[in-house]
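In the working numbering, the protein residues as written are 89 to 308. Here the structure comes first, spelled out in C-alpha cells, and everything after it is commentary.
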Amino acid sequence: MVTQNNFVPVSSEKPSGFYRLCLYLVRLIAWLLLRLSKNKISGRENIPKTGGFIFASNHASHLDPPVLAVASPRQLTYLAKIELFKNPVFARLIKSLGAFPIQRGKGDMKAIETAASFLKAGHALVVFPEGTRTLTGKIGRIRSGAARLAILANAPIVPAYISGTYKAWPKHGKIKSGNVTVKIGNPIQPESSEDTPSSCAKLTKRIEEIFKKFEAEEIL
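So, in C-alpha cells, the structure goes:
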C-alpha cells in the first residue's frame, strides 16, 4: 500500500511516458467533453519553468484535477485523501499520475512536512485552499493550509481559477458536457519566512482576494 512514508513524487520537469500518455487521453476527453483547449487557458506563462511552486485553485468538481493537468506545462503532484490508496491497483495508477496521500481533517503535520520537502526539491504541487468541493459553485472559505505550506517551503503560490466544471459535474450530481476555462494568475511569493498566525492569515487573505477577483470577472 502507498503511504506517506514510501511515496516518491514523479518529476515535474520531465514527465514520465505513462504520465504523457494519460495526459494525452485527458486532453482528448477534456476537448470532447468540456471543450477545453489551449485558447481557453490564459496565463500559462505565469507557471514557473523550474523550481517548486504551489498551484492553488478553486475547487468545484472532480474534474478540477485533470483540468489543471491539461492547463499546466509541467507535471503536477496532488494531495489526495488516503482512502483512495487502499486499492493497490488504483493506488499505483494515481501515484503514477502524481497523487500523494493525506489524512484530511486530522492536522496531518507529516503530510505537510512531506509536501514542503517536495516543494523544496522542485516539484509542482496542486492544493485546493477551500479544502473540499463547493456545494454552490461559488468560492468557499479559504483555509490556511496553502499559505502555511508556501511559508514553510518558501515557495511561490500560482493562483488558478477554473470556470465551468461545476456545471459539468457538481458535487452529488451527474457528469455532462460543459464549457470550461482556466485563468492562471501571477505567482505570489510569501513575504515572511516565519510560520506565524499573522503571516498565514495575510497570505490566505491574498489568495482569497485573487479568487474573488477571478470569480467577479467571470460573472461580468
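Note that beta-carbon positions come from the ideal geometry of N, C-alpha and C, so glycine has one too.
Q) If we ignore side chains and look at the alpha-carbon of each, how far apart do proline 258 and glycine 273 end up? A) 24 Å
Q. For the alpha helix (DSSP H) that contains threonine 138, what are its first and last residues?
A. No alpha helix (DSSP H) holds threonine 138; DSSP gives it neither H nor E.
Q | Environment of glutamate 218 [buried if 16+ CB atoms lie within 10 Å] | A | buried
(Q) If you follow the alpha helix (DSSP H) that valine 270 is in, where does it begin and where does it stop? (A) Counting along the chain, valine 270 falls outside any alpha helix (DSSP H), though it belongs to the beta strand (DSSP E) covering 269-272.
Q | Supposed close pair isoleucine 239, cysteine 288 - CB separation, criterion 8 Å | A | Indeed, because the Cβ distance is near 7 Å, the residues count as touching under 8 Å.
**Q.** Closest by C-alpha distance to glutamate 296, when choosing among Gly233, Ile182 and Pro154
**A.** Gly233
(Q) On the CB-based measure, 16 or more other CB atoms within 10 Å of its CB, does threonine 165 come out buried or exposed? (A) buried
Q: Would you check if the distance between the CB atom of valine 155 and the CB atom of alanine 118 is smaller than 8 Å?
A: yes
Q) In chain order, what residues of the same chain have a beta carbon less than 7 Å from the beta carbon of leucine 223, not counting five sequence neighbours either side? A) Lys259
Q: Would you kindly work out how many angstroms separate the C-alpha atoms of histidine 147 and threonine 220, rounded to a whole number?
A: 7 Å
Q: Determine the extent of the alpha helix (DSSP H) in which threonine 292 is found, giving its start and end residues.
A: 285-307
Q | leucine 124 in three-state terms, based on DSSP | A | coil
Q: Please report how far the alpha carbon of serine 281 lies from the alpha carbon of serine 145, in whole angstroms.
A: Each residue's alpha carbon lies about 22 Å from the other.
Q: Could you have a look at valine 90 and say whether DSSP puts it in helix, strand or coil?
A: Legend: pLDDT at valine 90 = 47, less than 50; position of this residue unreliable, no value from coordinates given.
Q: For proline 161, name the three-state secondary structure that DSSP assigns.
A: coil
**Q.** Coil, strand or helix - tyrosine 107 by DSSP
**A.** helix
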